[in-house]
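Working notes for the structure below.
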Amino acid sequence: MAHYAAMGSIPPKRHTQHRRPKNAGPHGGVGTGTGELYYEELMGEEGFSSDSSLLYHRHIPSTVAGVREWAVGDLSTTANHPLMARHLKPHDLFETDAIVRSTDAVTGRRLLMGNGDVRLSYAVCGTDSPWYRNAIGDECIYVERGKARVETVFGSFEVGEGDYVIIPRAVTHRWLPKRSRKDPLRLICIEANSHIAPPKRYLSKYGQFLEHAPFCERDLRQPLGPLLAEDIGEDPAQVTNVYIKHRGSGPSSSGGIVGTVHTVPFHPLDVVGWDGCLYPYVFNVSDFEPITGRIHQPPPAHQVFEGWNFVICNFVPRKVDYHPLAIPVPYYHSNVDSDEVMFYVDGDYEARKGSGIERGSVSLHPGGHAHGPQPGAAEKSIGAERFEELAVMVDTFKPLELGEGGRACDDGVYQWSWGRS
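With the first letter of the sequence shown counted as 1, position 340 gets the number 340 in the UniProt record's numbering; the numbers rise by one all the way through.
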């Protein structure tokens, strides 16, 4: 994210001496320290050739006291064969309070779909996650319902309904849900094998949002920080486990993704300051300004982020087409180069009424099969002035396969929904 920020204590010049105050103790508090150097870490993309940030640690960030395997769970996928449109009901995967209470936002994800570029998972969380680092790619987590505190080495966020949380690759963080039986934390997890950023067409060649972009820098929430262990009442010298997801040759169920737990002899929140253009941030879907027109606008008008071989769009409440002969719902379309996944978050999705789609549904419309509105929906939509719908869409340019979670919550009948009105 090419938008410079600086927080906390940093030296005037990069790669120069930055020392603890003379009276600072080993963990930065008042004591009898001797002004030791802070440890500078460059976190950078594309091998020193793209966005980066410099972080200043109290401890050597490479230090590891122990290593063990982490069984990341079943990440195997099954081809969508025979080719079918699918309707998944991920809420059914977390039906009981007991399941929710024991599920966290890292180890409790259920894989719905995936391919070599991106994995789409779902989780309903009632307990704190471990410290976690995704070494494969960036993560975009959409908060469907509930609230949480997200703590990272860059600082913290208070997140809630409608927030997209963008976590760059290898950022150590954890999720602390606000516990609620009525409104638990529900997350749509988009894990890339690449970086995730706003579409290039929204940005100048230097990275500033352009005037036609549906959101801008003012809409992005930066981390509140820096955040140190003692700020949250934890011992900065405690031993901590950090769960790392990375590539490797694991069992057949791993999908080429394995996990390792690094035990470090200090608390991860030891960064006294940082600066640069690479850091986590939050964007709320309510700040997306929809692009509308006299006739129906195609999905790229709704795009919010992109990664390698996939895009993320959102359909928000909006005024609809105002040509006197307009048909507001989408036309039938064949995405010959992509699979389309839609998470129906809120409101009434006019095009699919009568198909079984409801709040919390996920649809998969695969490339090679035309899809569009439910029979009769086009006629019924004529004269509509506004749609009250909220959905998150992911289009992938390689076929998606079903994960164990997707197979478990497939309704099995959606393919035939266009034959009924």
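Don't be surprised by glycine CBs; every beta carbon is placed ideally from N, CA and C.
Treat the numbers as computed from the prediction; the structure is a model and nothing was measured.
Item: Endpoints, alpha helix (DSSP H) assigned at Gly-406; Value: 404-408
Item: Beta-carbon contacts of Glu-139 that lie in its chain and below 6 Å, excluding the five residues immediately before and after; Value: Ile-167, Glu-191
Item: Counterpart residues of His-262 in DSSP-defined beta bridges; Value: Val-67, Val-242
Item: Runs of alpha helix (DSSP H) wholly within the stretch 70-147 (minimum 4 residues, chain order); Value: 97-101
Item: The stretch 97-105 touching the stretch 171-189, judged by at least three CB pairs closer than 8 Å; Value: yes
Item: Beta-carbon contacts of Pro-223 that lie in its chain and below 8 Å, excluding the five residues immediately before and after; Value: Met-7, Thr-152, Phe-154, Gly-155, Ser-156, Phe-157, Tyr-279, Pro-280, Tyr-281
Item: Straight-line gap, Pro-198 to Leu-42 (C-alpha atoms, nearest Å); Value: 23 Å
Item: Sub-8 Å separation of Trp-418 and Pro-366 beta-carbons; Value: no
Item: DSSP state of Lys-353 mapped onto helix, strand, coil; Value: coil
Item: Candidates Ala-65, Ser-129, Phe-343, Val-392, of which the one nearest Thr-108 by Cα; Value: In the sequence as displayed, the identity of residue 108 is Gly instead of Thr. The option with the nearest alpha carbon to Gly-108 is Ser-129.
Item: Leu-37, buried or exposed, once every other Cβ within 10 Å from all chains shown has been counted against 16; Value: exposed
Item: Contact belief for Val-143 with Glu-161 at Cβ below 8 Å, rounded distance in angstroms; Value: 6 Å
Item: CB-CB length for Ser-121 against Gly-405, believed under 8 Å; Value: 7 Å
Item: Of the residues Cys-125, Thr-240, Gly-255, Pro-317, the one placed nearest Gly-403, counting alpha carbons only; Value: Gly-255
Item: Distance cut-off 7 Å: Gly-383 Cβ against heavy atoms of the ligand NAD; Value: Because no ligand of any kind appears in the structure shown, any question about the ligand NAD cannot be addressed here.
Item: C-beta contact flag for Val-258 and Asn-193 at 8 Å; Value: no
Item: Assigned secondary structure, Arg-232 (DSSP; H/G/I helix, E/B strand, else coil); Value: Note on identity: in this sequence residue 232 is Ile, with Arg being the wrong assignment. Helix, per DSSP.
Item: Cβ separation of Pro-265 and Thr-63, assumed to be a contact under 8 Å, to the nearest whole Å; Value: 6 Å
Item: Helix, strand or coil at His-369 [DSSP, three-state]; Value: coil
Item: Alpha-carbon to alpha-carbon, Cys-313 and Phe-305; Value: 7 Å
Item: Cβ contact check for the stretch 284-304 and the stretch 241-251: 3 or more pairs under 8 Å; Value: no
Item: Member of Ala-170, Asp-183, Arg-169, Ile-188 whose CA lies at the smallest distance from the CA of Asp-163; Value: Ile-188
Item: Identity of the residue in Gly-116, Asp-219, Leu-210 nearest Val-165 by Cα; Value: Asp-219
Item: Opening and closing residue of the beta strand (DSSP E) in which Ser-253 lies; Value: Looking at the DSSP string, Ser-253 is not in any beta strand (DSSP E), and its letter there is neither H nor E.
Item: Phe-288 to His-302 span [Cα, whole Å]; Value: 9 Å
Item: Simplified DSSP assignment, three categories, for Asp-219; Value: helix
Item: Own chain residues within Cβ distance below 6 Å of Leu-75, not counting five before or after; Value: Leu-111, Ser-254, Gly-255, Ile-257
Item: Outcome for Glu-211 when other beta-carbon atoms lying within 10 angstroms are tallied against a minimum of 16; Value: exposed
Item: Rounded C-alpha distance that separates Glu-350 from Pro-328; Value: 9 Å
Item: Ser-52 vs Cys-216 beta-carbon contact at 8 Å; Value: no
Item: Neighbourhood of Leu-269 by C-beta, 6 Å cutoff - its chain only, sequence neighbours within 5 removed; Value: Leu-227, Leu-228, Ala-229
Item: Straight-line gap, Gly-233 to His-267 (C-alpha atoms, nearest Å); Value: 11 Å
Item: Rounded straight-line distance, which links the Cα of Ala-65 to that of Leu-203; Value: 43 Å
Item: Contacts around Leu-364, its chain only, beta-carbon distance under 6 Å, and the 5 residues preceding and following it disregarded; Value: Arg-86, Val-341
Item: Rounded straight-line distance, which links the Cα of Lys-147 to that of residue 469; Value: With the chain running from 1 to 421 in the structure shown, residue 469 is simply not present.
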